[in-house]
Each structure stands twice: as structure tokens, then as C-alpha cells.
Amino acid sequence: LEFSDLEHLCLQVLTEPSSAETRIPSKAAKDFQHQFVEVLVDEYQDINFVQEAIIQLITRGNNTFMVGDVKQSIYRFRLAEPTLFLQKYKQFSKDGNDYGLRIDLASNFRSRQQVIAGTNYIFKQIMNEQLGELEYDEDAELKHAFPYPQADQMEAELLLIDRSASEQTADDVSEEVEELEREQLEARLIAKQIKALIGKDGNGRARVYDKDRKCMRPVTYRDIVILMRSLSSSAQTILDELKAEGIPAYAEMSSGYFDATEVAVMMALLRVIDNPDQDIPLASVLRSPIVALTEEELARIRIADQKASYFQAMKTYMRQEKRDALYEKVSGFYDSLTRWRTRARQGALSDLIWQLYRETNYYDFVAGMPGGQQRQANLRALYDRARQYEQTSLRGLFRFLRFIERMQDLGRDLGTARALGEQEDVVRLMTIHKSKGLEFPVVFIAGLSKPFNMQDLNANVLLHKSLGLGTKFIDTKRRVSYPTLLHHAVKRKLRAEMLAEEMRVLYVALTRAREKLFLVATLKDAGKQIQKWQTHLQNDDWVLATDDRRKSKCYLDWIGPALIRHRDAHPLRERLQVEGVQAGDVYEHESTWRVSFISAGELDQKEDLGTTADEEKLLRLKKGQPINEESGKQAQVDAQLNWTYPY
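Following the working numbering, the numbering of the sequence shown begins with 479 at its first residue and continues without gaps.
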């Protein structure tokens, strides 16, 4: 049974079977009504119709207390229904009426005034009942309540990467390449900002308030989080860029386990132990650090027998008279393989895996590679998963491998093993959904120019909870299909709901920051984009035009027009090159912003790798020649390596 099945079964238990249209509480429901003095519901904005029905059946109608913030309802994909909250929000009054009493908890004890004012400034302009399902008025806006000590440069920042100056035009590159380039550029910009915040030896320009010690202290990596709408495609790119800049970073991913090199190598070794007549896994193991053969050596084995399987070719090579270095490597591996195959038929699979780690020294080897801690955690997870598998009725290496293969055939993957504790000093990378309920001193929100995922709206049949089915009309004679009026209506309604959800996701992202907020976006053609935003300068209303907000394809389409009207956004207005364009009086607001443009070319340039002497050393290292390097740590290293126990 899945969670939703349990919900429906619960509803069955609480409902009288005879009641078809109106739900009549069953005896069980009435027992609960007497039993519970009060029913308290948290996160009420994320409730769905089934859960609401359950609450109605176990309460007496006047003993329910609900807490929630509809602006943080971001679980539409789990059928969360924010209208249930909104209905009560509108019906209940501040003084209490027949429906109930409404208490507004507007005070925010999390964020600095700059973060709160910046969030209010944007949402005052983009959220209302037409789009956003809620009026962002005085009752709905955030009110600053925590007295942070005074600090410099804490204003919210919008960092725009300008790609219009880059050599490649948009027509030259595919969408995927463009997406990858955008992620790389944003990651490099974020890395640059993080290095400036942290500074050399941790003496950066930024200081944050420590709520435990009640004082200001320098920023650490642990204080920083990078939030994105989704991580599936971009996490690895961003992690690689940050690591290249020497910034420790970590992302908890739901995929990528079987793609990790160290797991792939061990899986190949297990496949060879199960059946050595598999050429690709065998070649993988021979090429890996476990045996460490070169391409040339692999070719020499194949030449020994060009028609048989690679395993047979290896055996043929070993029967030759030649006793060279390659023979030593191959015969050593063959003897180990024979021993491991016997062991696989006799003992527990998890014991075999741990024996492989010990005998091949591969577990220790990966610890010395970049991200060694994570790699070892992945190998430990393979051992743990084998142990868990053996606790079922299925046993043995063959069945374990088939189980993994079936998983991969179904397109399923496992998340990389968790290698870090909560207190590790690393920059965290997570989705906005994962960050809900958490808070961080410094927040970077990246990928703001990435288009919303609207794929669901392209289906031939659309379904809406109140409008019903919207289908396309199919003319079988002419062999064409076209959308019906109902299809158009359902699509329009679903799109509006989806945009309202995306708006709430943005709200959750902005309100994660305690002290410093960075918004990062990439502009393909800055001039053209800002020209579009310029039209909003003539708008005298606080709220942006509904049609323009509806046409938005990404978060930047809301943030840009909102910020171009701010007094601090002169870098945006300067780019218009229009005489006398000023921010109107109506947009005077307490928030402070800093808008910066960074050209893509600036981020493309890698730092100079050093002098010709360094290049010479690199060449010598590549050729395997020794280099003479004077080091102040020489004596310390010698002392530690040559140390003997004095007693």
C-alpha cells in the first residue's frame, strides 16, 4: 500500500458506507470526535481534499486549530490544495465570526530587514489574486522582528551574466550546450562571490550573526547554500566548477550512484567474478587501478587470440613462454579471480565485497582521489546494500547483479551515499523544495533565467479537478487533430495554477536567507531583455500588468520588471540609453538593492596557471621524470615517515 492508499482506507473507516453524496461520520469517527478535545494541524497550506475530509470527520467543527502560510504551498505535484486554506483565510475574521477566528502571524524572526524588504518589494508587484491566488497586501507581507546588529553590504543583490558580448551567438549552439554553458557561467560567478565572502584564510569581508554565541563572526562555507529549482541536470556541473576553485561543496542527489566511477569499477569486478566471459566488464577491471593495464597491454592480450572471448584470450596469453611484466600482472589477477569465484559460491556476498576492498586496496586508493570521502562512502553503501539484500529470501551474487540490472533497465538509480554530517564546513547545493523549513545566513538562488517546466500542458488530454477533461479533436478522415475550446480553457487554467505555484516556490527561496541574498541569472541578449522590462516604467500601479506576468517564462521575467522600477537599479536603466528614464515616485520603497552586470567573457577566462617554470614542472611530471621541489615541510615529512616508537 502506498501513502495515498492508506489515506483513502482511513477515509473509508471514518465514513458511513451508506452515505454516498454527503459524508456521514462512522462510529469510529464519532469516537474520535469525543476523544479529541482539540485537533491541531500544522502546514495546513499543503493539505489535500482527502486529508481535509479526514479532519472534518474527526472534529466537532469548533475545535480545530490550523497553522499555515499559503505563500509557501509548493506541493502541487502531491495534490496539495491551497484553495482550502485561502477559503478559510477569507471567511474567518480577525474578531472571530460564525466561521472562525483568524490570527495573522506576520512577524518574521528569521531574516534581516534587507532580506525582508527586498522580498516584499518584489512580491508587492508580482503577487495578487489574478496571478498568485492571494493579494500581497499589508496583512500578507513580511514584518521584520529580529534585531540583528548593524552590518555593511547586506543589501539584496541581483547578479546578471551578460552573454550578448560572448562570441557564440544563440543560433550556433544547441539548447543543451547552451544550458550547460549557462550553468558553468553561473557556477563560476557564484564561486567568485564565495571566495570574496570567505577571503584568504577565512578573513573575508563578510560577517554574519551567530545566534548561539550572540555575536558577529566571519562567514564560513557552512553558512552558504545554493538553491535551484531542480538539480537533476545541473548539480554535477556546479559541484565540479566549485571544486575546481577549491571550494568544498556537497549536494544530496537522488541519482548518480551507479555512474560513480568507483561503484562502476566494483560492479564490473562483481560481474567478472559471476561470469568472466563478459568482455566489457573484464576490460574495465583490467584497465582500472585494480590491475592497471595500459591500452597497449590490453591490445597485446587481444592479439594472443583474436576470435575467442577476452577471458579466453587472457588465458591463451598466459600459456605463452614469455614471462614479462604483463604476464606477472595478468597471472596475479587470474589467481585472485579464481579464489574470489570460489569464495562467491561459498560465503555471504557482503563478506566477499569487503574482502575485495581489502585485497585490491581499492577502498584505500579512492580515498586519495578528489572527493575521496564521498567515494569511500559510496563503496561502503554498496557493502551495506549487499547486506540488506541478503536479509531477504534471495541470496547470491548472480541474483544481486540481476536485481541491480533490473533497476537500471527501469531507469531507476540510487542517490550517492551521504558522506557528510550536518556540521561539515561545506557549501550546500539543494533544491528549493528541499530547503523548505530551513534557513541559511547566505543564500544564492541560481538558474533564475531557466524556463519553467511546462511540459504537462502539451499533452493531448488535459485534466483539471473542476473543469474536467479537455481533449483535442481528432478528424480521422483528414488525419489532423486540433485543440477544442475546452482544451484551451483547461490549458489556460492549468497554466495559471502552475504560474501561481512557481511564484510560491520563488517566495520560499527568497525567504530562506537570514542575512544576505544573491539572485543569479543569465541574459542571452541583455539589451533586448531590458528593453522589454522598460515598458513597466510607465505603469503607475504597484502591481505589474496581469498579462505580462502571465506571459512570463522564467523567474527573471518577474524579478527584472519589478527591479527596473527600483531607485537602486540604475545599472538596468543606464543600459536602455533612453534620455530621461527615471524611477517613478510610486516605487520609493525601504528596500535596498545592488544590481551588477558581469560579461560572460570575464567568467570564461581561467586564472593564469603560473610561470613557465611551473609549466616545465608539469611537462616533467607528465613524462614521469622527477622534479626537484624545495619545501619548508621537508623536515616534518621526513620526521613523520621515519618515526620509530622509542620504547
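Beta carbons are placed, not taken as given, at the ideal position from N, Cα and C, and that holds for glycine.
In terms of residues, what are the limits of the beta strand (DSSP E) holding residue i?
i: E635; result: 634-640
i: D615; result: Run containing D615: none; DSSP gives neither H nor E here.
i: M694; result: 693-696
i: F543; result: 542-544
i: E993; result: 991-1001
i: L920; result: In the sequence on display, residue 920 carries Val and not Leu. Start and end: 918-923.
i: Y728; result: 727-729
i: V1115; result: Element bounds for V1115: not the beta strand (DSSP E) but the alpha helix (DSSP H), 1112-1119.
i: H942; result: 939-942
How many Å lie between residue i and residue j at the Cα?
i: Q1154; j: I525; result: This structure gives no information on residue 1154, because the portion of the chain shown stretches from 479 to 1125.
i: N575; j: F510; result: 26 Å
i: E907; j: F922; result: Before going on, a small fix: residue 907 reads as Leu here, not Glu. Distance between the alpha carbons of L907 and F922: 10 Å.
i: Q1118; j: E775; result: 38 Å
i: R685; j: V904; result: 17 Å
i: F876; j: G539; result: 59 Å
i: W1121; j: Q854; result: 28 Å
i: P919; j: A665; result: 19 Å
i: P848; j: I552; result: 36 Å
i: Q866; j: I882; result: 13 Å
i: A727; j: R990; result: 19 Å
i: V844; j: A531; result: 54 Å
i: V986; j: K943; result: 25 Å
i: R1027; j: I604; result: 7 Å
i: Q869; j: L827; result: 11 Å
i: T500; j: R973; result: 32 Å
i: R641; j: V655; result: 14 Å
i: D615; j: K621; result: 12 Å
i: W1036; j: L771; result: 56 Å
i: E485; j: Y522; result: 16 Å
i: A1061; j: R1045; result: Residue confidence for A1061 is low, a pLDDT of 45 falling below 50, so the modelled location carries little weight; the figure read from the coordinates is stated next. So the two alpha carbons sit approximately 6 Å from each other.
i: D1086; j: R836; result: At D1086 the pLDDT is 46, less than 50, meaning the model places this residue with poor confidence; the figure from the coordinates comes in the next sentence. Roughly 41 Å between the two C-alpha positions.
i: G578; j: C488; result: 27 Å
i: E455; j: R970; result: Within the shown structure, residues of the chain are numbered from 479 to 1125, placing residue 455 beyond reach of any answer.
i: P495; j: F527; result: 19 Å
i: A1078; j: I639; result: 6 Å
i: A648; j: A1004; result: Unreliable positioning characterises A648 in this predicted model, as indicated by a pLDDT of 48, which lies under 50. A coordinate reading is not provided.
i: R956; j: H965; result: 20 Å
i: K807; j: S710; result: 40 Å
Give me the Cβ distance between residue i and residue j, rounded to the nearest whole Å; I'm assuming they're in contact under 8 Å.
i: L747; j: I725; result: With a Cβ gap of about 33 Å, L747 and I725 do not count as contacting.
i: V491; j: S504; result: 7 Å
i: F951; j: E635; result: At roughly 50 Å, the Cβ-Cβ gap does not stay under 8 Å, so F951 and E635 are not in contact.
i: V741; j: L860; result: 6 Å
i: R588; j: E917; result: 5 Å
i: T493; j: L535; result: 7 Å
What are the partner residues of residue i, as DSSP defines its beta bridges?
i: P961; result: K950
i: W1071; result: A634
i: M745; result: In DSSP, M745 forms no bridge with anything.
i: T909; result: M706
i: R685; result: P696
i: I1076; result: I639
Which first and last residues belong to the alpha helix (DSSP H) in which residue i is found?
i: L830; result: 827-838
i: P759; result: 757-765
i: A722; result: 713-722
i: V491; result: 481-492
i: V528; result: 527-536
i: Y867; result: 850-868
i: H1048; result: 1048-1052
i: L518; result: That residue, L518, is in no alpha helix (DSSP H); its beta strand (DSSP E) goes 517-519.
i: F624; result: F624 -> no alpha helix (DSSP H), and no H or E assigned at all.
i: M932; result: Looking at the DSSP string, M932 is not in any alpha helix (DSSP H), and its letter there is neither H nor E.
i: P1039; result: 1034-1042
i: G1005; result: 1004-1012
i: L1022; result: Unbroken run through L1022: none, as it is neither H nor E.
i: K1031; result: From DSSP, K1031 is part of no alpha helix (DSSP H); its letter is neither H nor E.
i: R556; result: First-last for R556: undefined, no H or E at that position.
i: D524; result: Here D524 belongs to no alpha helix (DSSP H), and DSSP marks it neither H nor E.
Jot down the residue ranges of each uninterrupted alpha helix (DSSP H) in the segment 560-614, minimum 4 residues, whole runs only, in chain order.
560-569, 591-604
Taking the runs of the alpha helix (DSSP H) that are 4 residues or longer, which of them lie wholly in the segment 778-818?
788-797
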